[in-house]
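As structure tokens, the structure follows; a few thoughts come after it.
Protein chains: 2
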Amino acid sequence: MPVRIALDAMGGDQGPDVLVAGAVQAVNARNDLEVTLIGDEERLRTALRAHSAANQDRLRIVHASQVVDMDESPFEALRRKKDSSVAVAFRLQKQGEVEASVSAGNSGATMAAAIGALGRLKKISRPGIAGIFPTLKGPVVMMDVGANVDCRPLHLFQFGIMAAAFSQVIFASQRPRIGLLSIGEEGGKGNVLVKKSHELFSKSNLNYIGNVEGRDTFQGDVDVIVCDGFVGNVCLKLSEGLAEAVLSMLREEILKDFKAKLGYVLAKDAFGRFRKRVDYAEYGGAPLLGLNGTGIVCHGRSNATAIKNAINVAAELVSANINEHIQRLLDDVDSVLAAAASGEDA
Amino acid sequence: MPVRIALDAMGGDQGPDVLVAGAVQAVNARNDLEVTLIGDEERLRTALRAHSAANQDRLRIVHASQVVDMDESPFEALRRKKDSSVAVAFRLQKQGEVEASVSAGNSGATMAAAIGALGRLKKISRPGIAGIFPTLKGPVVMMDVGANVDCRPLHLFQFGIMAAAFSQVIFASQRPRIGLLSIGEEGGKGNVLVKKSHELFSKSNLNYIGNVEGRDTFQGDVDVIVCDGFVGNVCLKLSEGLAEAVLSMLREEILKDFKAKLGYVLAKDAFGRFRKRVDYAEYGGAPLLGLNGTGIVCHGRSNATAIKNAINVAAELVSANINEHIQRLLDDVDSVLAAAASGEDA
Numbered sequence: 011m012p013v014r015i016a017l018d019a020m021g022g023d024q025g026p027d028v029l030v031a032g033a034v035q036a037v038n039a040r041n042d043l044e045v046t047l048i049g050d051e052e053r054l055r056t057a058l059r060a061h062s063a064a065n066q067d068r069l070r071i072v073h074a075s076q077v078v079d080m081d082e083s084p085f086e087a088l089r090r091k092k093d094s095s096v097a098v099a100f101r102l103q104k105q106g107e108v109e110a111s112v113s114a115g116n117s118g119a120t121m122a123a124a125i126g127a128l129g130r131l132k133k134i135s136r137p138g139i140a141g142i143f144p145t146l147k148g149p150v151v152m153m154d155v156g157a158n159v160d161c162r163p164l165h166l167f168q169f170g171i172m173a174a175a176f177s178q179v180i181f182a183s184q185r186p187r188i189g190l191l192s193i194g195e196e197g198g199k200g201n202v203l204v205k206k207s208h209e210l211f212s213k214s215n216l217n218y219i220g221n222v223e224g225r226d227t228f229q230g231d232v233d234v235i236v237c238d239g240f241v242g243n244v245c246l247k248l249s250e251g252l253a254e255a256v257l258s259m260l261r262e263e264i265l266k267d268f269k270a271k272l273g274y275v276l277a278k279d280a281f282g283r284f285r286k287r288v289d290y291a292e293y294g295g296a297p298l299l300g301l302n303g304t305g306i307v308c309h310g311r312s313n314a315t316a317i318k319n320a321i322n323v324a325a326e327l328v329s330a331n332i333n334e335h336i337q338r339l340l341d342d343v344d345s346v347l348a349a350a351a352s353g354e355d356a
Numbered sequence: 011m012p013v014r015i016a017l018d019a020m021g022g023d024q025g026p027d028v029l030v031a032g033a034v035q036a037v038n039a040r041n042d043l044e045v046t047l048i049g050d051e052e053r054l055r056t057a058l059r060a061h062s063a064a065n066q067d068r069l070r071i072v073h074a075s076q077v078v079d080m081d082e083s084p085f086e087a088l089r090r091k092k093d094s095s096v097a098v099a100f101r102l103q104k105q106g107e108v109e110a111s112v113s114a115g116n117s118g119a120t121m122a123a124a125i126g127a128l129g130r131l132k133k134i135s136r137p138g139i140a141g142i143f144p145t146l147k148g149p150v151v152m153m154d155v156g157a158n159v160d161c162r163p164l165h166l167f168q169f170g171i172m173a174a175a176f177s178q179v180i181f182a183s184q185r186p187r188i189g190l191l192s193i194g195e196e197g198g199k200g201n202v203l204v205k206k207s208h209e210l211f212s213k214s215n216l217n218y219i220g221n222v223e224g225r226d227t228f229q230g231d232v233d234v235i236v237c238d239g240f241v242g243n244v245c246l247k248l249s250e251g252l253a254e255a256v257l258s259m260l261r262e263e264i265l266k267d268f269k270a271k272l273g274y275v276l277a278k279d280a281f282g283r284f285r286k287r288v289d290y291a292e293y294g295g296a297p298l299l300g301l302n303g304t305g306i307v308c309h310g311r312s313n314a315t316a317i318k319n320a321i322n323v324a325a326e327l328v329s330a331n332i333n334e335h336i337q338r339l340l341d342d343v344d345s346v347l348a349a350a351a352s353g354e355d356a
């Protein structure tokens, strides 16, 4: 059985050509994949014509007449645009025509469309977005990175479980080390939310290593970092901004003297390898976890490689049955969940 | 009149020799400065012997028999260690023997000792720590970066005012642009705390530019970034960790091939200039704002240059009368403060 993925072929900053190119790369790379491109049929047909006909039998187009813009309010946009590409994608998924959906469009709208169509996974209070950060060792998964800005301890606890399941499935961590993002390593340090979440994690049988600090994020000594969606989103964007600023400043300094410019030419391959190593495109996108189904949001600026990789991750999550993993981990902590849900603060 | 600064000469990871060296550099660089070194008298006398006697008449030693360790609980440590170097520093300041204190030790204990001895500035609910970040243009001040982990809107509003006064005094920003750290640029985006803080800033006559995102931090298009101490501390440590990780990864890639290694040798000066540009030591330390007095905390790893610069910033803050600036800005927003204080959420 092939894995069938829907791609919102209109969302994002780059336009359909890049998204379609990513889908073409994806089906060329994997034989067991079918991709449904969703968007303006004529526009997508034109985009497809730029590619060889090989494997195009595993690409199909489903028309959608509308697009949710990047800066639209998610809920209002979905209410007004019933035929938007992202809404159609998750509707197809609900109908069982595809097993997962990928979008590089408005991530709030993608999450809202996904929850609306698929619903939440059993025992999950709030689905969230898992972000993937490159580190000195391997990638680390941070959750939530933007879906839930005001959280309770139970939510953070569930983020940890979902991100751990993701880390197991995609990065083959045997027993993912889970850290709670805080401002000191001792369990007593942090804000009220973090202190109470620490108690939940400590009671569980998860591989919880305690608080981690911002500077630990990039060391690679933890597989999963748990935080609320406000803090996670700030971290995600701060990291992006800082990495760009570091390279800009370095470039400015290099351009100041001739010797350094020559040196840069010699070291260019190394810079290229470095860029590849930190490139978000390598990881493809950020999975929406906690849905009764599978969804991935990609960076609005995603190039074709990022889209290809995101489709591939979506297929992996479907094949590995990520949601069964999550459910199993949840079953293991039933007593903690029950205690947390009954507590007034959780 | 010389400016008199107390230096906690025992705090930090580097030991008294480095701290004393910083103090020596400071008095050598400025004629109008007197520094009181606080700590084990014999130890400090030994450290001073390594330096030329010139200008040593502007250095004096005040003995303190105890030290607060980096990982001690601030309040407990201060209760037990009445004669710790940091406590003695702020006690001297309270007695009017110095005008400001600088410590590279336990920042929580420094803040607690400062509040205990000096008290808060009129109309300020919570003093905080202002962090200074290098950006593509000039430095940006982020507040709070760790003193207050659970905040109300009124606190964030006051952080903005204090950081703006600091930016005026130290970075000569005429009318500092104040941004509120959030996860979207529209005023409606963010968590509950940020949304309510946005309303306060919008009502004021401050140069409030609205929400800024993590990625804006390093662009240099804003002078002050306001956030709670949890988020700010995560940002501070994440930035430190990421900058180090970026350089480590780049070095790893450069060491992989000979040509790149040669290139690196040629570009070494540029790398050095870059390091200097992002070096926290250039800014010296993080001011404690909102005190009825002046204090600075330095990074535990501070080298002598960082200490020298921190002493210098402390002297500038005293000369410029930072607290009068803050008070003036507070007076200008009296009606907003009053409305916020009477509101149930503020």
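Chains A and B are the protein sequences, given in the same order.
Each residue of the first sequence is one higher than the last, beginning at 11 in this note's numbering.
Each residue of the second sequence is one higher than the last, beginning at 11 in this note's numbering.
A virtual CB, placed ideally from N, CA and C, is assigned to each residue, including glycine.
Valine 256 of chain A belongs to the set of residues whose beta carbon lies under 9 Å from a beta carbon in chain B. Short of 8 Å from the beta carbon of leucine 146 of chain B, and not among the five residues preceding or following it, lie these beta carbons of its own chain, in chain order: Phe228, Gln229, Gly230. A contact between stretches requires three or more CB pairs, one per stretch, nearer than 8 Å, and the segment 74-89 of chain B fails this requirement with the segment 255-274 of chain B. Tyrosine 218 of chain A has a beta carbon lying at 9 Å or more from every beta carbon in chain B.
Fully enclosed alpha helix (DSSP H) runs of no fewer than 4 residues occupy 51-59, 84-90 of the segment 36-96 of chain A, in order along the chain. With respect to chain B, the C-beta atom of lysine 266 of chain A has a partner C-beta closer than 9 Å. Here the alpha carbons of isoleucine 139 of chain B and leucine 166 of chain B stand approximately 12 Å from one another. Listed in chain order, the non-local C-beta contacts of alanine 173 of chain A below 6 Å within the same chain comprise Ala140, Val151, Met153, Val234, local neighbours out to five positions each way being set aside. DSSP places arginine 338 of chain A in the uninterrupted alpha helix (DSSP H) bounded by 332-342. Per the coordinates, the alpha-carbon of alanine 64 of chain B lies some 18 Å from the alpha-carbon of valine 13 of chain B. In this model, aspartate 79 of chain B and alanine 33 of chain B are separated by some 21 Å (Cα to Cα).
DSSP, reduced to helix, strand and coil, places asparagine 302 of chain A outside both helices and strands of the structure shown, so it counts as coil.
Against chain B, the CB of aspartate 93 of chain A has no partner CB under 9 Å away; the residue lies outside that interface. Between phenylalanine 169 of chain B and isoleucine 332 of chain B, the C-beta gap is not smaller than 9 Å, which leaves the two residues out of contact. DSSP places proline 26 of chain B in the helix class (H, G or I) of the three-state scheme. A direct Cα-Cα distance of roughly 15 Å separates glycine 295 of chain A from valine 179 of chain A. When C-alpha distances from leucine 301 of chain B are compared across B/Asp93, B/Asn201, B/Ala157, the shortest belongs to B/Ala157. With respect to chain B, the C-beta atom of alanine 270 of chain A has a partner C-beta closer than 9 Å. At a Cβ-Cβ threshold of 9 Å, leucine 128 of chain A and glutamine 103 of chain A count as neighbours. In the three-state DSSP reduction, proline 297 of chain A falls in the strand class (E or B).
In the DSSP annotation of this structure, the continuous segment of the alpha helix (DSSP H) that includes isoleucine 264 of chain A starts and ends at 239-264.
Chain-order list of chain A residues neighbouring serine 249 of chain B: Gly224, Arg225, Leu248, Ser249, Leu252, by C-beta distance under 9 Å.
A straight line joining the alpha-carbon of valine 37 of chain B with that of histidine 309 of chain B spans about 21 Å. Rounded to the nearest whole angstrom, the CA to CA distance from asparagine 319 of chain A to methionine 259 of chain B is 23 Å. Annotated three-state conformation of asparagine 319 of chain B is helix, per DSSP. Linking phenylalanine 240 of chain B to alanine 31 of chain B through their CA atoms gives a straight-line distance of about 33 Å. Cβ contact annotation for lysine 271 of chain A (same chain, cutoff 7 Å, sequence separation greater than five): Ile264, Leu265, in chain order. The beta carbon of asparagine 215 of chain A is closer than 8 Å to those of Asp342, Val343 in its chain, skipping five residues each way along the sequence.
Among the CB atoms of chain B, one or more fall inside 9 Å of the CB of glutamate 196 of chain A. Nearest CB-CB separation between aspartate 279 of chain A and chain B: below the 9 Å threshold. The contact set of methionine 152 of chain A on chain B, defined by CB atoms closer than 7 Å, is empty, because the minimum CB distance reaches about 10 Å.
In this structure proline 163 of chain A is not in contact with alanine 351 of chain A, their Cβ atoms being roughly 10 Å apart against a cut-off of 8 Å.
In the structure shown, the three-state DSSP call for arginine 287 of chain A is helix. For isoleucine 188 of chain B, the enclosing beta strand (DSSP E) begins and ends at 188-191. Neighbourhood of tyrosine 274 of chain B in chain A, by CB distance below 7 Å: Gly273, Ala277, in chain order. For the segment 143-187 of chain A, the continuous beta strand (DSSP E) assignments of 3+ residues that do not extend past its boundaries occur at 150-153, in sequence order.
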